[in-house]
Amino acid sequence: MPSKVESQIDSLREKLRYHSYQYYVLDDPDIPDAEYDRLYQQLLALETEHPELITTDSPTQRVGSTPLAAFDQIKHQMPMLSLDNVFSEEDLQAFYLRLQDRLAAEISSAEDIDFTAEPKLDGLAVSLRYENGELIYAATRGDGSTGENVTQNVRTLHSVPLRLLGNAFPQVLEVRGEVFMPKAGFEALNKIARANGDKEFVNPRNAAAGSLRQLDPGITAKRPLSLYCYSTGIVEGGTLADTQYGVLQQLKTFGLPVCAEIKCVTGVAECLAYYQHMAAQRDALPYDIDGIVYKVNKIKLQKKLGFVARAPRWAIAHKFPAQEEVSKILEVDFQVGRTGAITPVARLEPVFVGGVTVSNATLHNMDEIRRKDIRVGDRVIVRRAGDVIPEVVAVLPGSRTMPLPEIQMLEKCPVCQSAIEQIAGEAVARCPAGLFCRAQRAEAIKHFASRKAMDIDGLGDKLVEQLVAEKLIHTAADLYSLTIETLAALPRMGEKSAKNLIAALQKSKNPVLSRFVYALGIREVGETTALNLANAFASFEAIRDADYDSLIEVQDIGPVVAQHIVNYFRQPNNLQVIQQLFDAGIKIQLPQQTQQSAMASSAFLGKTIVITGTLPTLSREEAKQKLLAAGAKVTGSVSAKTDYLLAGDKAGSKLAKAEKLGVPVIDEAAMLRMLTSAD
Ligand code: 5U1
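Heads up: the sequence shown runs through residues 5 to 683, numbered per my numbering.
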């Protein structure tokens, strides 16, 4: 008869195992973390009081032992198999035909073979042995016959049960699976390594392998490792399901983690559909996979098929194109992006990676080059994942046989020769000549023309790209030299659109100061910053000539933005484009002018106005903006304090009320007249 304390301990352990399974295996916690911690602390307290009741399968005993001097060897009672690979549809088809051949006596040729289709995780294969539900040991695959005893390390993985759930498991159960590091954990681990100045792991697989083969389980415990089980080894004292899929479902019920993406498929076509589906998902999955494993689903057929050498005939790995390969850096060039970012690019010996031949890979920025210590002549690991730009991940360890010079950043933009700007604390160097630099022209002009900048109606992104590609414009100033004839000759551009665009360009020539400053596309100078600058300096010349000290005095402008502004106006090329804009007829309306002309002499200055009904040409919002600019207050309801009711069609109750109160009613034409006659 167990004592009260023993029962309490048993009950707490059972609860903790269950909740740990919900959390780490099913990813579906059903109690808050704080509640789990409370149960854990209760168990810990009881075990501290009664150390004689501590068992190795207790949830408190995951990280127990002291560091090992070396790993012991464990002989696998049943060998750990490897898989044959196929890399193409044809090879898969050939595999399928071989199966049909060998199974001719079991299934008719008209019958398609059932498989499980499983993601092939990029990690480290392990075998876990459970006896009477308790984890006895965990071993790496090693050479397939003998592996290393990594029990102390595997015990630290929260998704690995130290004791199986329920009691329906076989007496002896060996499960095989893959230990891996989820992508998010890998990123977090490398972030810490970067912060500590430690060496980073090249990829999640290396990180998983390095973490599992730590002699100090305390280190492994801090690494975000996971496990997915995919098959069994020795099974004694109990039976399992008669299909691969059924076995995996059973493992789940024992509390073992199994990948949720595993599916049953029939015939080659469904195998391929699954492969394509997972290939498309690959980058979005939370873990790295390097292919799909198809396994004949019926265990009876698996037994019939047997093995060749160390691989089963009933399974095959259909590999994705490798995402990492080795190449050599032949040269480093610098590219100017559409926003001026200068990116070092490695020119490589061509290499087939991620399904394409790659001869250029990004090196990101100079900080990355220094951190990875990359030099021209190095043999490097190149990665191309999905549609992401290929990148140089690391120098191949031990491959540099002679000293090589460091890569240096350029001083001048390779496209426009403007001095390259590198703000302290920012990793990316930039060419600040937005409107002048050929590489940035189209982006800069799109921004210049955009609604919140110069608001050039009819000048969309496509048209800007077309005008730049046809070399009809080189800078924003060239927009103002375009003619109706030139524009009308463009594909998909009629005479009417051309005329409208010329009119819109004409209309844009009198921007208010803040819009003009925003339109220049100075780095990190958005609408609000531009408005603050306009309010603080009141003239374009004053902004242009402002020094760093006066700029950081302006509301919301910090050191980085101030430096961007100073650098921008230091560039002769930028000043040249601005001059060209003025020469083209741009005339900035200064804040005082705008407000004074619109307000001081306005018939609406200080008046309260209500707008109602549908106006003939303006939207109510447009009318409101005009009235606000003229110094009016626009309110929603008519009262004795209302000075005017601006009424359009279908004015309704507000009109009736205004008439009743004797509030003067004006229409849109009268409002526009009053606005213009005041100037
Ligand atoms: N998903 C999965 N990965 N994987 C790897 N299944 C699977 N099966 C394997 C291996 C080495 O071997 C089987 C033959 C058990």
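For every residue, glycine included, the Cβ atom is placed at its ideal position computed from N, Cα and C.
Per-residue DSSP class, three states only, for residue i
i: K637; result: strand
i: D294; result: strand
i: D671; result: coil
i: T532; result: helix
i: T120; result: strand
i: H368; result: coil
i: Q339; result: strand
i: F573; result: helix
i: L619; result: coil
i: H451; result: helix
i: H23; result: helix
i: S131; result: strand
i: V179; result: strand
Any non-hydrogen atom of ligand 1 closer than 8 Å to residue i Cβ
i: R180; result: yes
i: K124; result: yes
i: A225; result: no
i: V297; result: yes
i: S163; result: no
i: Y249; result: no
i: A319; result: yes
i: P409; result: no
i: L85; result: yes
i: C275; result: no
i: C268; result: no
i: P316; result: yes
i: Y234; result: yes
i: A129; result: yes
i: C435; result: no
i: C417; result: no
Extent of the continuous beta strand (DSSP E) run through residue i
i: R383; result: R383 to R387
i: Q77; result: Q77 to K79
i: E499; result: Not the beta strand (DSSP E): E499 falls in the alpha helix (DSSP H), residues E499 to K511.
i: C275; result: Not the beta strand (DSSP E): C275 falls in the alpha helix (DSSP H), residues G271 to Q285.
i: A212; result: Run containing A212: none in the beta strand (DSSP E); it sits in the alpha helix (DSSP H), P208 to L216.
i: E152; result: T150 to E152
i: R351; result: A345 to V357
i: S230; result: S230 to E240
i: L649; result: Y648 to A651
i: E138; result: E138 to T144
Residue of the options minimising C-alpha distance to residue i
i: L352; options: S363, Q584, D41 and L659; result: S363
i: V355; options: D371, L334, G344 and P228; result: L334
i: A321; options: L216, Y298, D105 and I223; result: Y298
i: K323; options: Y249, D292, N200 and S422; result: D292
i: H23; options: K8, N504 and V164; result: V164
i: G381; options: R374, P394, V399 and E395; result: V399
i: N514; options: G201, M458, E372 and K376; result: M458
i: S454; options: A660, I506 and F520; result: F520
i: Q206; options: L524, E265, V330 and P221; result: A quick correction: the sequence has Val, not Gln, at residue 206. The option with the nearest alpha carbon to V206 is V330.
i: T155; options: R167, L467, G137 and A142; result: A142
i: N136; options: R167, Q559 and A651; result: R167
i: V642; options: I613, Q426 and G181; result: I613
i: L463; options: T646, I449 and P668; result: I449
i: I196; options: R217, P228 and L219; result: P228
i: R445; options: Q426, D461 and E469; result: E469
i: R342; options: G271, T257 and R442; result: R442
Terminal residues of the alpha helix (DSSP H) in which residue i lies
i: I411; result: Neither: I411 is in no alpha helix (DSSP H) and is coded neither H nor E.
i: A196; result: For the record, residue 196 in the displayed sequence is Ile; it is not Ala. Taken as a continuous stretch (DSSP letters only), the alpha helix (DSSP H) holding I196 covers K187 to A199.
i: K658; result: S657 to L665
i: S223; result: Ser is not the amino acid found at residue 223; the sequence shown has Ile there. I223 -> alpha helix (DSSP H) spans P221 to A225.
i: E395; result: Run containing E395: none in the alpha helix (DSSP H); it sits in the beta strand (DSSP E), E395 to V399.
heavy atom of ligand 2 below 8 Å from residue i C-beta
i: C263; result: This structure simply doesn't include ligand 2; it includes ligand 1 instead.
Spell out a yes or no on whether the region 129-149 and the region 92-100 are touching, meaning 3 or more CB-CB pairs, one atom from each, closer than 8 Å.
no
Within the chosen definition, does the region 382-389 reach the region 534-553 through at least 3 CB pairs nearer than 8 Å?
no
Across the region 295-304 and the region 352-372, are there enough close Cβ pairs to call them in contact, namely three or more that are closer than 8 Å?
no
Do the region 565-579 and the region 437-446 meet, that is, are 3 or more Cβ pairs less than 8 Å apart?
yes
Do the region 240-257 and the region 73-86 make contact, defined as three or more Cβ pairs closer than 8 Å?
no
Meets three-Cβ-pair contact criterion under 8 Å: the region 473-493 and the region 545-554:
no
Pairs of beta-carbons, one from the region 260-280 and one from the region 191-198, closer than 8 Å: are there three or more?
no
Counting pairs of Cβ atoms below 8 Å between the region 160-176 and the region 223-240, do you hit three or more?
yes
Does the region 45-64 touch the region 120-127, meaning 3 or more C-beta pairs lie closer than 8 Å?
no
So does the region 307-319 actually touch the region 123-133, counting three or more Cβ pairs closer than 8 Å?
no
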